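Note sheet for the following structure.
There are 2 protein chains.
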Amino acid sequence: QERNAALLASACAACHGTNGHSVAGTPSLAGLDKMYFVEQMQLFQTGQRPSTVMMKHAKGYSEDEIRLLAEFFSQQK
Amino acid sequence: QERNAALLASACAACHGTNGHSVAGTPSLAGLDKMYFVEQMQLFQTGQRPSTVMMKHAKGYSEDEIRLLAEFFSQQK
Numbered sequence: 001q002e003r004n005a006a007l008l009a010s011a012c013a014a015c016h017g018t019n020g021h022s023v024a025g026t027p028s029l030a031g032l033d034k035m036y037f038v039e040q041m042q043l044f045q046t047g048q049r050p051s052t053v054m055m056k057h058a059k060g061y062s063e064d065e066i067r068l069l070a071e072f073f074s075q076q077k
Numbered sequence: 101q102e103r104n105a106a107l108l109a110s111a112c113a114a115c116h117g118t119n120g121h122s123v124a125g126t127p128s129l130a131g132l133d134k135m136y137f138v139e140q141m142q143l144f145q146t147g148q149r150p151s152t153v154m155m156k157h158a159k160g161y162s163e164d165e166i167r168l169l170a171e172f173f174s175q176q177k
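In the order they appear, the protein sequences are chains V and U. The numbers in the working numbering rise by one with no breaks, and the one at position 76 of the first sequence is 76. The numbers in the working numbering rise by one with no breaks, and the one at position 46 of the second sequence is 146.
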């Protein structure tokens, strides 16, 4: 599970920094509350939380993948 | 149509540069052949063309949106 989560999360680094420590003006994901993370991804998927990139990007993730990511980032110090 | 395409394409700028002129090490999209663009997006969607970010991101776009983007970027000098 963990190896898979880290691999999945590696894509986020492109905009959100290594292990979610953003240096590019995007939100940091490191240490985010799991439920908050899942909720925001769902809001992006439905478009209720507007974002040019995330509204599309979030749609590429399954529920399980989002939970894995939420778990991974909540553990990042 | 055009206004919509430009708005849609604004999201790509985050990684592919303004009007697809990449400065961030990602591929430039400006001037790409329309059919090639559509084909690559489909390969990303099916995972036949592997990419941590695009394999997810491409899934957020409908066929029409991809055609609009293909048209938009093919016209960028």
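Note that beta-carbon positions come from the ideal geometry of N, C-alpha and C, so glycine has one too. Note that this is a predicted model, so its numbers are computed, not measured.
field: CB contact check: His21 (chain V) to chain U, cutoff 8 Å
entry: No - not a single Cβ of chain U is within 8 Å of the one on His21 (chain V).
query: So what does DSSP say about Ala70 (chain V), is it helix, strand or coil?
result: Of the three classes helix, strand and coil, the one that applies to Ala70 (chain V) here is helix, per DSSP.
message: Excluding the 5 residues flanking Leu32 (chain V) on each side, which residues of the same chain have their C-beta closer than 7 Å to its C-beta?
response: Residues of the same chain with a CB within less than 7 Å of the CB of Leu32 (chain V), apart from the 5 flanking positions on each side, are Phe73 and Ser74 in chain order.
query: Roughly how many angstroms lie between the CA atoms of Leu107 (chain U) and Cys115 (chain U), to the nearest whole one?
result: Per the coordinates, the alpha-carbon of Leu107 (chain U) lies some 15 Å from the alpha-carbon of Cys115 (chain U).
message: Please classify Pro160 (chain U) as buried or exposed, where buried requires at least 16 neighbouring CB atoms within 10 angstroms.
response: Sequence inspection shows Gly at residue 160 (chain U); the Pro mentioned does not correspond to that position. Label assigned to Gly160 (chain U): buried.
- prompt: Beta-carbon separation of Phe37 (chain V) and Ala58 (chain V) under 8 Å?
  reply: Their beta carbons are not under 8 Å apart, which means Phe37 (chain V) does not touch Ala58 (chain V) by this criterion.
- prompt: In chain V, which residues lie with their C-beta within 8 Å of the C-beta of His157 (chain U)?
  reply: Correct list: Val53, Lys56, His57 and Gly60.
field: Helix, strand or coil at Ala9 (chain V) according to DSSP, with G and I counted as helix
entry: Note: Ala9 (chain V) maps to helix in three-state DSSP.
message: Please state the DSSP three-state secondary structure of Val38 (chain V).
response: Helix.
task: Spell out whether any CB of chain U is found under 8 Å from the CB atom of Gln5 (chain V).
output: The sequence as given places Ala at residue 5 (chain V); Gln does not occur at that position. No - not a single Cβ of chain U is within 8 Å of the one on Ala5 (chain V).
field: Test: Ser128 (chain U) CB closer than 8 Å to a CB of chain V
entry: Taking Cβ atoms only, chain V never reaches closer than 8 Å to Ser128 (chain U), which makes this a no.
- prompt: Closer than 8 Å, CB to CB, is Ala189 (chain U) near chain V or not?
  reply: This structure does not reach residue 189 (chain U), given that chain U is present from 101 up to 177, and the question cannot be answered.
field: Extent of the continuous alpha helix (DSSP H) to which Lys56 (chain V) belongs
entry: Per DSSP, the unbroken alpha helix (DSSP H) holding Lys56 (chain V) starts and ends at Met54 to His57.
- request: Please name the residue, chosen from U:Gly147, U:Thr146, U:Gln145 and U:Ser110, that lies closest to Leu129 (chain U) on a Cα-to-Cα basis.
  value: Minimum Cα distance to Leu129 (chain U) is reached at U:Ser110.
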